[in-house]
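Numbering (our numbering), first residue to last: 1 to 615. Just so you know, even glycine gets a beta-carbon here, dropped at the ideal spot from N, CA and C. Presented below is the structure to which this report refers.
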């Protein structure tokens, strides 16, 4: 969908050091009953340095945004999980699952944001420091009860769940905004201590009943109720520029907002099955109610009623499937609360309490074929979607060149996508190949400076791989991937953008005998210039040598990653209102010695013990 940016490239996570430890226990109880318990502890430290360049589209002109961002973050997570399976008799069983999560994190970041004209003339600048701490805990529990009744095929299922998430967020924000002459703008700067607490409680319960009408027809009835309640408290304090320990409550930004979504759903579905096909169709009726209580402004009381049809068809002998369904997506709490988010003074966001839910239609058609004698395969998918009351983000730039954003409902959005993949041996080359193409078109409406625009977003891709078929002495492959991306504005062709990303890769492994293996891989990424200032290229070359001992129960492997020391995280984003490229630090050249011991030499997933040395 056009509201969520589409990204291409490597992960921009920076340098991360992490430690994970876990415990998993399974206990078989009498009567084929089972108990499971697991616990995982994760500690991580991330050092991120990132340079981002954005081109924002405006009527008649574009704005450039440069951002230099550095952060150090730490996180500590405790996760508990338990499940209990009980079989009362041959017709009755239930499953209970529960989870508990505890998270603590802190982050210190510095950033410099600047807004420039297309000629790179400075318009404003934001020098910002953040120091925040977050504590979060959550728990959930689910119960599922299943009962087979006397008549064959007649079943009843009852399930329910409860959950809670509590989050506390403390942030010390020091953001100094300067004008085009680098003069400090006191009114636009933000020096604040921000205390935000949120609590979410939810529950869900329902029942499903299936009645066999005969040996081929089945009727299913279902009903359930959901409740999702969130309480938010924001207390923002302005800091004295001369003494940041002096705090004054900012009554305009300090708000409370409580909202509750309640859903009541009932439906019926009929299913037919024989040796040739399976067909089902049904409809659900959904009543949803939204109650919002802001500390400032009018309460929100709304009710929505929807009929949600669905259908599916599967042809057994031809591997052909068609699925159609409808769904409703309500606006999030951030989108609903009419409170200014000033955490980024050059990009200010404010929710819209007048939003209404999206209504979505989705259809998927799929086909797959595999010839087990000639080892040929074909996979194809087509997806179509139509969304009524699509929620998008409207933005406008004020006289201070500050970008103000708020969510709005548009009339509709439509999507069409497809992909096809084919593989086959090449006998005269004693090899095999795999080729695929994919395409995606999203047509919708966006708002730039409060003016609506019709926009088409095209994404097209191709991939090709050729590899040797017999891998007794060596394993070799060569491949390529291409991605073509276009934003087409029907009303303003000057805003059209395009770029191409390419990846070429080659791999070679030699099985030298006596359990020796040598392998190397080279990946060449080209992020084409297109609508960006210049192209970006990244070459990744790695190699390894390994030796197996004691019938391969012990395997020692020496690996060198990023031999050319060029690795970096590159990400490109194409949204409705801007294009963006981010380049971040990533782990560079290193050497790793990996020793794997397997109790069973045939084990497909040996547990490694590692020693790591980095250079």
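Boundaries of the alpha helix (DSSP H) harbouring residue 334: 333 to 336, taken from the DSSP string.
Of the residues assessed, residue 67 falls on the buried side of the cut-off, its CB having 16 or more other CB atoms within 10 angstroms. The beta-carbon separation of residue 129 and residue 113, rounded to 12 Å, does not stay under the 8 Å limit for a contact.
Within the region 326 to 390, the runs of beta strand (DSSP E) that reach at least 3 residues and sit entirely inside it are, in chain order, 347 to 350, 358 to 371, 376 to 388.
Annotation for residue 213: 219 place their beta carbon closer than 7 Å to its own, counting only its chain and skipping 5 residues before and after. For residue 398, there is no enclosing beta strand (DSSP E), as DSSP gives it neither H nor E.
For residue 312, the CB contacts under 6 Å within the same chain, skipping 5 residues up- and downstream, are 280, 323 in chain order. In this structure, residue 38 sits near residue 81, with a CB-CB distance shorter than 8 Å. DSSP places residue 493 within a helical segment (H, G or I) once states are collapsed to three. Counting only runs of 3 or more residues that sit fully inside the region 422 to 501, the beta strand (DSSP E) segments are 431 to 448, 451 to 468, 474 to 489, in chain order.
Taking C-beta separations shorter than 7 Å and ignoring five residues to either side along the sequence, the partners of residue 489 in its chain run 453, 455, 495, 496, following chain order.
Residue state for residue 26 is assigned as strand, using DSSP reduced to three classes.
Residue 27 sits exposed, since fewer than 16 C-beta atoms from the chains shown fall within 10 Å of its C-beta. Straight-line spacing of the CA atoms in residue 54 and residue 340 works out to 23 Å.
Shortest Cα-Cα distance from residue 275 to any of 304, 216, 268 involves 216. Cβ-Cβ distances below 6 Å link residue 185 to 177, 179 in the same chain, with the five nearest sequence neighbours on each side left out; the list follows chain order.
When only Cα atoms are considered, residue 208 and residue 319 end up about 29 Å apart. The region 394 to 402 makes no contact with the region 428 to 436; the number of CB pairs closer than 8 Å stays below 3. Fewer than three beta-carbon pairs drawn from the region 371 to 380 and the region 148 to 158 are found closer than 8 Å, and the two stretches are therefore not classed as touching.
For residue 259, the enclosing beta strand (DSSP E) begins and ends at 256 to 273. Contact between residue 250 and residue 238 holds: CB atoms are separated by about 5 Å, below the 8 Å threshold. Counting the other Cβ atoms within 10 Å of the Cβ of residue 583 gives 16 or more, which makes it buried.
Cβ-Cβ separation between residue 259 and residue 291: approximately 7 Å, consistent with a contact (criterion under 8 Å).
Cβ-Cβ distances below 6 Å link residue 106 to 74, 133 in the same chain, with the five nearest sequence neighbours on each side left out; the list follows chain order. Between residue 561 and residue 508 a beta carbon distance of about 16 Å is seen, past the 8 Å cut, so the two are scored as non-contacting. One alpha carbon belongs to residue 331, the other to residue 225, and they sit about 19 Å apart. Remark: C-beta atoms of residue 99 and residue 161 do not approach each other more closely than 8 Å.
In the three-state DSSP reduction, residue 572 falls in the strand class (E or B). When the beta-carbon positions are compared, residue 195 and residue 235 come within less than 8 Å of each other. In the three-state reduction of the DSSP assignment, residue 19 falls in the strand class. The DSSP-derived three-state label of residue 86 is strand.
Residue 582 sits in a strand when the DSSP states are folded into three classes.
Here residue 87 really is in contact with residue 31; their C-beta atoms are around 6 Å apart, less than 8 Å.
In the three-state reduction of the DSSP assignment, residue 554 falls in the strand class. With respect to residue 500, residue 477 sits apart: the two C-beta atoms are not nearer than 8 Å. Bridge pairing for residue 538: 525 [DSSP].
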